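The next block holds one structure in the form of structure tokens; read it before the comments.
Numbering (this note's numbering), first residue to last: 2 to 60.
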């Protein structure tokens, strides 16, 4: 499942973060980073997915 989230994070970073943690502070931070630059949004999304691991949700 993480591989799917990482692929989604590369295509649309906020969606990858949303699938991992929901509508929290990390999601909104990722929206901001993606608006400021696509690459920072991807890096943040992959970091959040890798950090939280499977079946964990950051709140």
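The beta-carbon is built from N, C-alpha and C at its ideal position, and this holds for glycine as well. None of the values given here were measured: they were computed from a predicted structure.
Using only the alpha-carbon positions, how far apart do residue 47 and residue 8 sit? The residue labelled residue 47 in the question sits at position 46 within the chain shown. The residue labelled residue 8 in the question sits at position 7 within the chain shown. Distance between the alpha carbons of residue 47 and residue 8: 9 Å.
Beta-carbon contacts of residue 43 that lie in its chain and below 7 Å, excluding the five residues immediately before and after: Here residue 43 refers to the residue found at position 42 of the chain shown. If we look at residue 43 and ignore the five residues flanking it on each side, its Cβ neighbours are 10, 11 and 14.
What is the rounded straight-line gap between the Cα of residue 45 and the Cα of residue 5? If you number the chain shown from 1, residue 45 lands on position 44. If you number the chain shown from 1, residue 5 lands on position 4. So the alpha carbons of these two residues sit roughly 16 Å apart.
Less than 7 Å between C-beta atoms, sequence neighbours within five positions excluded: which residues of the same chain meet that for residue 20? In the chain shown, residue 20 corresponds to position 19, counting from 1. If we look at residue 20 and ignore the five residues flanking it on each side, its Cβ neighbours are 6 and 9.
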